[in-house]
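Peer 1: Listed in order, the protein sequences are those of chains A and B.
With this note's numbering as the guide, the letters of the first sequence map in order to residues 109 to 451.
With this note's numbering as the guide, the letters of the second sequence map in order to residues 109 to 451.
2 protein chains.
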Amino acid sequence: MKVGDLGEFALIEFIADIVGKPSGRDLILGIGDDASIWCTEQATQLGTTDTLVQNVHFTLDTATWRDLGWKALAINISDIAAMGGEPCYALVSLALPSVTDVESIVEFYRGMVELARKFDVDICGGNISSAPVVVINVSVIGKASDIILRRSAALPGDQIAVTGYLGQAAAGRKMLQSRLKFDSETTAFLRAAHLRPYPRVAEGQILVQHGVKAAIDISDGLLSDLSHICKASRVEARVQLDGLPIHPMVKAAFEKESVGLALSGGEDYELLFTAKREIAEQIKGLMLTPVTVIGEIIRGEPGQVTLYNERGRPVEWGKRGWEHFKTIHRFYLRSDEYDCGLS
Amino acid sequence: MKVGDLGEFALIEFIADIVGKPSGRDLILGIGDDASIWCTEQATQLGTTDTLVQNVHFTLDTATWRDLGWKALAINISDIAAMGGEPCYALVSLALPSVTDVESIVEFYRGMVELARKFDVDICGGNISSAPVVVINVSVIGKASDIILRRSAALPGDQIAVTGYLGQAAAGRKMLQSRLKFDSETTAFLRAAHLRPYPRVAEGQILVQHGVKAAIDISDGLLSDLSHICKASRVEARVQLDGLPIHPMVKAAFEKESVGLALSGGEDYELLFTAKREIAEQIKGLMLTPVTVIGEIIRGEPGQVTLYNERGRPVEWGKRGWEHFKTIHRFYLRSDEYDCGLS
Chain A
109 MKVGDLGEFA LIEFIADIVG KPSGRDLILG IGDDASIWCT EQATQLGTTD TLVQNVHFTL
169 DTATWRDLGW KALAINISDI AAMGGEPCYA LVSLALPSVT DVESIVEFYR GMVELARKFD
229 VDICGGNISS APVVVINVSV IGKASDIILR RSAALPGDQI AVTGYLGQAA AGRKMLQSRL
289 KFDSETTAFL RAAHLRPYPR VAEGQILVQH GVKAAIDISD GLLSDLSHIC KASRVEARVQ
349 LDGLPIHPMV KAAFEKESVG LALSGGEDYE LLFTAKREIA EQIKGLMLTP VTVIGEIIRG
409 EPGQVTLYNE RGRPVEWGKR GWEHFKTIHR FYLRSDEYDC GLS
Chain B
109 MKVGDLGEFA LIEFIADIVG KPSGRDLILG IGDDASIWCT EQATQLGTTD TLVQNVHFTL
169 DTATWRDLGW KALAINISDI AAMGGEPCYA LVSLALPSVT DVESIVEFYR GMVELARKFD
229 VDICGGNISS APVVVINVSV IGKASDIILR RSAALPGDQI AVTGYLGQAA AGRKMLQSRL
289 KFDSETTAFL RAAHLRPYPR VAEGQILVQH GVKAAIDISD GLLSDLSHIC KASRVEARVQ
349 LDGLPIHPMV KAAFEKESVG LALSGGEDYE LLFTAKREIA EQIKGLMLTP VTVIGEIIRG
409 EPGQVTLYNE RGRPVEWGKR GWEHFKTIHR FYLRSDEYDC GLS
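This is the structure we're talking about:
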């Protein structure tokens with residue numbers, strides 16, 4: 109059955125069933141009225157919103173609807189994580205062609221609910237409308253302690269560190285796009301890296317609790333996102349190219365290209381943070397996720413990121429990362445950008 | 109200059125300038141980080157989201173970008189108003205073709221800021237991405253007293269009432285679509301009705317303060333939205349056709365068709381509420397906006413809305429109102445739906 113056969117209102121009832129009853133926390137009214145209602149104590153709240161557009165951010169040739177449900181929520185939870193907050197409520201807007209299968213929407217919400225349960229997020233409302241292509245917009249409301257991770261708090265002398273590995277999301281996108289063949293373990297790893305990012309909420313909490321002040325999640329790519337921190341903090345960054353955390357499977361599958369993927373690929377949704385050396389060292393021991401120091405913050409040109417090779421020489425790098433409008437616009441052209449060499 | 113020349117990040121800085129500094133209320137961090145931050149006291153909060161899709165909800169042939177900015181925020185504030193709440197924060201997602209003029213986006217935000225200032229709303233964050241058509245998604249966070257207007261609280265014996273007039277938004281859409289010519293006063297009135305809806309926040313507050321429990325805003329059309337109330341409340345509604353509040357300019361311009369526009373046109377963003385007779389009467393005297401009783405709630409078939417003519421006879425009415433997927437999908441075919449006769 110197509111959503112055009114079912115209609116908007118029956119589809120909303122369907123969705124309310126899949127999403128289920130609220131967790132019982134503080135949500136008073138979920139899907140089905142003009143707005144959702146929740147109670148809050150005196151709190152610091154966080155709000156974020158992000159969009160996935162068909163043939164820009166994803167294609168239905170390679171992503172399942174269940175993947176999309178997961179990812180559309182994950183990228184928003186990641187923004188909350190990057191502030192050191194906890195996600196609470198999600199509002200979900202779907203704009204869909206009327207020929208979309210109802211079962212696809214069921215799968216979409218199953219994927220979203222799967223992730224929402226892991227983070228105790230209530231999908232509390234949303235909107236459905238028709239559109240020529242699929243556009244998914246999610247807004248997430250979260251809460252935080254008074255201390256919050258900001259882009260603008262990096263200081264000269266801070267170490268620059270990242271959680272997890274870099275470049276595998278872009279490697280996964282490239283594998284799917286170019287139909288590259290790898291062994292089944294690599295294929296599953298890369299596919300999940302691209303389509304099932306796991307937001308670093310617990311890691312963001314650890315950062316806040318141990319005195320880190322500056323962080324961002326890596327959505328546009330390491331260079332681009334580090335540049336955002338440097339611009340907001342009016343500092344410069346030095347990054348050591350040979351210290352980038354690249355997963356062995358990505359190195360094996362993409363060899364030299366893997367450095368480009370790690371620098372500019374984007375969508376890793378790892379946390380990039382800066383902190384005094386002793387704090388960075390302490391944090392390495394506290395996270396289940398590996399933490400790698402990749403460089404340091406210096407006084408200098410605000411927003412500037414300079415790369416250094418293993419001989420300590422500065423290296424030219426042409427591409428910054430993903431930027432809408434500036435980068436090539438269609439998702440499936442996007443990874444052509446990575447083939448630029450190091451000087 | 110096109111947004112494709114400026115790029116996503118420069119565009120975001122542009123937007124942050126137009127939106128300006130936060131009102132100083134409780135917003136700690138607005139545009140420019142991973143999430144926006146605000147403080148809240150112990151409160152009942154409301155969240156809502158709504159989307160405008162190019163060539164589904166609007167066309168750039170008839171709407172200016174400034175209109176779109178106003179309307180995209182207005183339809184969300186209206187949802188908060190329909191719960192009896194006050195809007196506080198807005199997150200704005202724009203998906204745009206890269207050939208969009210930067211000046212268009214400036215105009216869009218000017219229109220949105222114009223309305224935001226009237227309701228003391230902070231545009232605190234958002235997202236920009238590329239897309240083949242314009243898709244605007246806005247989420248609004250609001251607050252409310254403990255008493256909230258719900259769809260599910262209508263009771264048999266309640267009067268059904270609406271604020272303002274019905275059908276002029278659809279009349280305006282029809283005028284613009286079919287390039288109908290009217291005198292300048294009518295033209296301006298109908299254009300504003302379609303493109304500059306004014307959310308009924310103060311009116312929603314009056315409803316809550318005077319014991320009204322059930323309300324909805326008229327977005328899909330009177331019949332459709334009243335049916336939503338009746339379904340959620342498990343009651344039936346009787347509506348007196350000759351009592352519908354239709355503005356004299358709409359009657360003059362659209363004659364007999366005006367009843368159809370009032371019943372099914374949608375997008376009026378007036379409040380539809382039910383209340384005991386004495387409360388409804390009291391409220392008429394409290395609002396600056398006219399309030400009209402149009403029928404009553406009875407026990408009966410849940411969700412059913414029955415129309416009665418001036419002789420007290422039930423009347424068949426084929427069309428319910430706007431429903432995505434079920435209704436014809438393209439905005440500019442939409443008003444062909446209204447030409448169905450009364451039996």
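Beta carbons are placed, not taken as given, at the ideal position from N, Cα and C, and that holds for glycine.
Taking the C-alpha atoms as reference points, what is the distance between Phe216 of chain A and Ala277 of chain A?
Peer 2: Counted from its first residue, the first sequence places residue 216 of chain A at position 108. Counted from its first residue, the first sequence places residue 277 of chain A at position 169. About 20 Å.
Peer 1: Which of the three DSSP states, helix, strand or coil, is assigned to Pro240 of chain A?
Peer 2: Walking along the first sequence from the start, residue 240 of chain A turns up at place 132. Coil at Pro240 of chain A, not helix or strand.
Peer 1: Check whether chain B comes within 7 Å of Gly155 of chain A, counting only Cβ atoms and requiring the distance to be less than that.
Peer 2: In the first sequence, counting from the first residue as 1, residue 155 of chain A sits at position 47. Yes - at least one Cβ of chain B is within 7 Å of the one on Gly155 of chain A.
Peer 1: Look at the alpha carbon of Ser332 of chain A and the alpha carbon of Ser372 of chain A, and state the distance between them as a whole number of angstroms.
Peer 2: Here residue 332 of chain A refers to the residue found at position 224 when the first sequence is read from its first residue. Here residue 372 of chain A refers to the residue found at position 264 when the first sequence is read from its first residue. Using only the alpha carbons, I get a separation of about 7 Å.
Peer 1: In the DSSP assignment, find the unbroken beta strand (DSSP E) run with Ala323 of chain A in it and report its ends.
Peer 2: For the purposes of this step, residue 323 of chain A is taken as residue 215 along the first sequence, with counting starting at 1. Start and end: Ala322 to Asp325.
Peer 1: Since Trp146 of chain B meets chain A, which of its residues come closer than 7 Å, beta carbon to beta carbon?
Peer 2: Within the second sequence, numbered from 1, the residue matching residue 146 of chain B stands at position 38. Result: Gln153.
Peer 1: Which value, in whole angstroms, describes the spacing of the CA atoms of His165 of chain B and Ser253 of chain A?
Peer 2: For the purposes of this step, residue 165 of chain B is taken as the residue at position 57 of the second sequence. For the purposes of this step, residue 253 of chain A is taken as the residue at position 145 of the first sequence. Going by the C-alpha atoms only, they are around 40 Å apart.
Peer 1: Taking the C-alpha atoms as reference points, what is the distance between Tyr273 of chain A and Val399 of chain A?
Peer 2: Sequence index remark: in the first sequence, residue 273 of chain A carries index 165 (1-based). Sequence index remark: in the first sequence, residue 399 of chain A carries index 291 (1-based). Approximately 9 Å between the Cα atoms of the pair.
Peer 1: Among the residues of its own chain, which have a CB less than 7 Å from the CB of Ala370 of chain B, if the five just before and after it don't count?
Peer 2: The sequence position of residue 370 of chain B within the second sequence is 262, counting from 1. So the list reads Leu274, Gly275, Leu330, Leu352 and Ile354, once near-sequence residues are dropped.
Peer 1: Check whether the Cβ atoms of Leu458 of chain A and Val246 of chain A lie closer than 7 Å to each other.
Peer 2: One cannot answer for residue 458 of chain A here, as it falls past the ends of chain A, which runs 109 to 451.
Peer 1: Among A:Glu375, A:Glu386, A:Arg419 and A:Ala383, which has the Cα closest to the Cα of Ile183 of chain A?
Peer 2: Mapped onto the first sequence, residue 183 of chain A falls at position 75. Out of A:Glu375, A:Glu386, A:Arg419 and A:Ala383, A:Glu375 has the C-alpha closest to the C-alpha of Ile183 of chain A.
Peer 1: Report the residue from B:Tyr377, B:Ile213 and B:Ala262 whose alpha carbon sits nearest the alpha carbon of Leu168 of chain B.
Peer 2: Taking the first residue of the second sequence as 1, we reach residue 168 of chain B at position 60. Here the closest residue by C-alpha is B:Ile213.
Peer 1: Counting only Cβ pairs nearer than 9 Å, list the residues of chain A close to Ala269 of chain B.
Peer 2: By one-based count along the second sequence, residue 269 of chain B stands at place 161. In chain order: nothing, as chain A lies at least about 17 Å away.
Peer 1: By the three-class DSSP mapping on this structure, what secondary structure does Pro410 of chain A have?
Peer 2: Numbered from 1 along the first sequence, position 302 holds the residue referred to as residue 410 of chain A. Here Pro410 of chain A sits in coil by DSSP.
Peer 1: In terms of residues, what are the limits of the beta strand (DSSP E) holding Tyr197 of chain A?
Peer 2: Translated into positions along the first sequence, residue 197 of chain A becomes position 89. It spans Glu194 to Leu204 - the beta strand (DSSP E) in which Tyr197 of chain A sits, taken as one unbroken run.
Peer 1: Just to make sure I have the definition right: I need the residues of chain A whose C-beta is within less than 8 Å of the C-beta of Glu149 of chain B. Which are they?
Peer 2: Stepping through the second sequence from its first residue, residue 149 of chain B is reached at position 41. Going along chain A in sequence order, the residues near Glu149 of chain B (Cβ under 8 Å) are Gln150.
Peer 1: What number of angstroms, rounded off, separates the C-alpha of Ala323 of chain B from the C-alpha of Gly403 of chain B?
Peer 2: In the second sequence, counting from the first residue as 1, residue 323 of chain B sits at position 215. In the second sequence, counting from the first residue as 1, residue 403 of chain B sits at position 295. Ala323 of chain B and Gly403 of chain B: Cα-Cα distance of roughly 14 Å.
Peer 1: Is it buried or exposed for Arg421 of chain A, if we count other Cβ within 10 angstroms and need 16 for buried?
Peer 2: As a position in the first sequence, residue 421 of chain A is number 313, starting the count at 1. Arg421 of chain A should be labelled exposed.
Peer 1: Give the range of the beta strand (DSSP E) segment to which Glu344 of chain A is assigned.
Peer 2: As a working mapping, residue 344 of chain A is identified with position 236 in the first sequence. Run containing Glu344 of chain A: Glu344 to Gln348, per the beta strand (DSSP E) assignment.
Peer 1: Count the other CB atoms, across all protein chains shown, that sit within 10 Å of the CB of Asp325 of chain B; report buried if there are 16 or more and exposed otherwise.
Peer 2: The residue labelled residue 325 of chain B in the question sits at position 217 within the second sequence. The residue is buried, with at least 16 neighbouring Cβ atoms inside 10 Å.
Peer 1: Considering only their Cβ atoms, is the gap separating Glu344 of chain B from Val270 of chain B smaller than 7 Å?
Peer 2: Position 162 of the second sequence holds residue 270 of chain B. Position 236 of the second sequence holds residue 344 of chain B. It is not a contact, given that the beta carbons lie outside the stated cut-off.
Peer 1: Count the other CB atoms within 10 Å of the CB of Asn235 of chain B; is the residue buried (16 or more) or exposed (fewer)?
Peer 2: Counted from its first residue, the second sequence places residue 235 of chain B at position 127. The residue is buried, with at least 16 neighbouring Cβ atoms inside 10 Å.
Peer 1: Assess, as a yes-or-no matter, whether the region 381 to 394 of chain B is touched by the region 257 to 270 of chain B under the definition of 3 or more beta carbon pairs within less than 8 Å.
Peer 2: Contact between the region 257 to 270 of chain B and the region 381 to 394 of chain B is present, because at least three Cβ pairs lie under 8 Å.
Peer 1: Quick one: measure Cβ to Cβ for Val210 of chain A and Met357 of chain A, integer angstroms, because I've assumed they're closer than 8 Å.
Peer 2: Locating residue 210 of chain A in the first sequence gives position 102, counting from the first residue. Locating residue 357 of chain A in the first sequence gives position 249, counting from the first residue. In fact, because the Cβ distance is near 37 Å, the residues do not count as touching under 8 Å.
Peer 1: Which residue from B:Asp175, B:Gly319 and B:Gly140 puts its Cα closest to that of Pro305 of chain B?
Peer 2: For this step, residue 305 of chain B is matched to residue 197 along the second sequence. Measuring from the Cα of Pro305 of chain B, the nearest candidate turns out to be B:Asp175.
Peer 1: Closest to Ile136 of chain A by C-alpha separation, out of A:Ser366, A:Thr170, A:Asp230 and A:Leu288, would be which residue?
Peer 2: If you number the first sequence from 1, residue 136 of chain A lands on position 28. Of A:Ser366, A:Thr170, A:Asp230 and A:Leu288, the residue nearest in Cα terms is A:Asp230.
Peer 1: In angstroms with no decimal places, state the Cα-to-Cα distance between Trp178 of chain B and Val200 of chain B.
Peer 2: Here residue 178 of chain B corresponds to residue number 70 of the second sequence, with the count starting at 1. Here residue 200 of chain B corresponds to residue number 92 of the second sequence, with the count starting at 1. Trp178 of chain B and Val200 of chain B: Cα-Cα distance of roughly 12 Å.
Peer 1: Between Val242 of chain A and chain B, is any beta-carbon pair separated by less than 7 Å?
Peer 2: Numbered from its first residue, the first sequence carries residue 242 of chain A at position 134. It does not; no Cβ of chain B falls within 7 Å.
Peer 1: Which runs of the beta strand (DSSP E) at least 3 residues long sit entirely within the region 218 to 270 of chain B? Give them in chain order.
Peer 2: Listed in chain order, the complete beta strand (DSSP E) runs (minimum 3 residues) inside the region 218 to 270 of chain B are 230 to 238 and 243 to 252.
Peer 1: So, using beta-carbon positions, are Thr294 of chain A and Ala361 of chain A closer together than 7 Å?
Peer 2: For the purposes of this step, residue 294 of chain A is taken as residue 186 along the first sequence, with counting starting at 1. For the purposes of this step, residue 361 of chain A is taken as residue 253 along the first sequence, with counting starting at 1. Taking 7 Å as the Cβ cut-off, Thr294 of chain A and Ala361 of chain A qualify as a contacting pair.
Peer 1: Flag this pair as yes or no: are the beta carbons of Gly250 of chain B and Gly193 of chain B separated by less than 7 Å?
Peer 2: As a working note, residue 250 of chain B is residue 142 in the second sequence. As a working note, residue 193 of chain B is residue 85 in the second sequence. Going by C-beta atoms, Gly250 of chain B is nearer than 7 Å to Gly193 of chain B.
Peer 1: Quick one: what's Phe166 of chain A bridged to in DSSP?
Peer 2: Position 58 of the first sequence, counted from the start, is the residue given in the question as residue 166 of chain A. Its beta-bridge partners are A:Gln162.
Peer 1: Quick check on DSSP: helix, strand or coil for Ile136 of chain A?
Peer 2: Within the first sequence, residue 136 of chain A is the residue found at index 28, counting from 1. Residue state, collapsed to three classes: strand.
Peer 1: Alpha helix (DSSP H) containing Ala118 of chain B: first to last residue?
Peer 2: For this step, residue 118 of chain B is matched to residue 10 along the second sequence. Unbroken alpha helix (DSSP H) run through Ala118 of chain B: Glu116 to Val127.
Peer 1: At a CB distance below 8 Å, what residues from the region 209 to 234 of chain B approach chain A? Give them in sequence order.
Peer 2: Those residues of the region 209 to 234 of chain B that come within reach of chain A (Cβ to Cβ, closer than 8 Å) are Cys232, Gly233 and Gly234.
Peer 1: Please name the residue or residues paired with Phe362 of chain A in a DSSP beta bridge.
Peer 2: The count along the first sequence starts at 1 and reaches residue 362 of chain A at position 254. None, per the DSSP bridge assignment.
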